[in-house]
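Colleague: Before I ask anything, let me first share the structure, which is written out below as structure tokens.
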Amino acid sequence: MDRVYDLFRRRQRDGTWARIVTQLQAEADSKGLITWDVNVDSTVCRAHQHAAGAAKRGISRRSRPAESLPSPPTTDLDVPGAA
1 MDRVYDLFRR
11 RQRDGTWARI
21 VTQLQAEADS
31 KGLITWDVNV
41 DSTVCRAHQH
51 AAGAAKRGIS
61 RRSRPAESLP
71 SPPTTDLDVP
81 GAA
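Positions 1 to 83 (UniProt numbering) are the ones given, in order, by the sequence shown.
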């Protein structure tokens, strides 16, 4: 016994659903029930794979705390031995 899904897939593969939609659209269009407005939106926003948390290829680098480097002097008073 066929399941409903099997019947659906069979109709999909043989093009039955596409023919039904095409026929319904043709009938509705001939009666003026369809407005064929086309709207194209090309907005795309993608993050780089690494920004999204994907694993990087190659050697795994574990995050290490940044080394604390002394900041450069900002005035002559900050330079040792200067006065």
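Where a beta carbon is used, it is the ideal one built from N, C-alpha and C, also for glycine.
Is Arg11 near Trp17, with beta carbons less than 8 Å apart?
Modeller: Position 11 of the sequence shown holds residue 11. Position 17 of the sequence shown holds residue 17. Their beta carbons are under 8 Å apart, which means Arg11 touches Trp17 by this criterion.
Colleague: In angstroms, rounded to a whole number, what distance separates the CA positions of Thr35 and Asp29?
Modeller: Here residue 35 refers to the residue found at position 35 when the sequence shown is read from its first residue. Here residue 29 refers to the residue found at position 29 when the sequence shown is read from its first residue. Cα-Cα distance, rounded: 8 Å.
Colleague: Please report the residue range of the alpha helix (DSSP H) in which Trp36 lies.
Modeller: On the sequence shown, position 36 is the one that residue 36 refers to. Taken as a continuous stretch (DSSP letters only), Trp36 belongs to no alpha helix (DSSP H), as it is neither H nor E.
Colleague: What's the gap between the Cα of Asp6 and the Cα of Arg13?
Modeller: By 1-based counting over the sequence shown, the position of residue 6 is 6. By 1-based counting over the sequence shown, the position of residue 13 is 13. Distance between the alpha carbons of Asp6 and Arg13 is about 11 Å.
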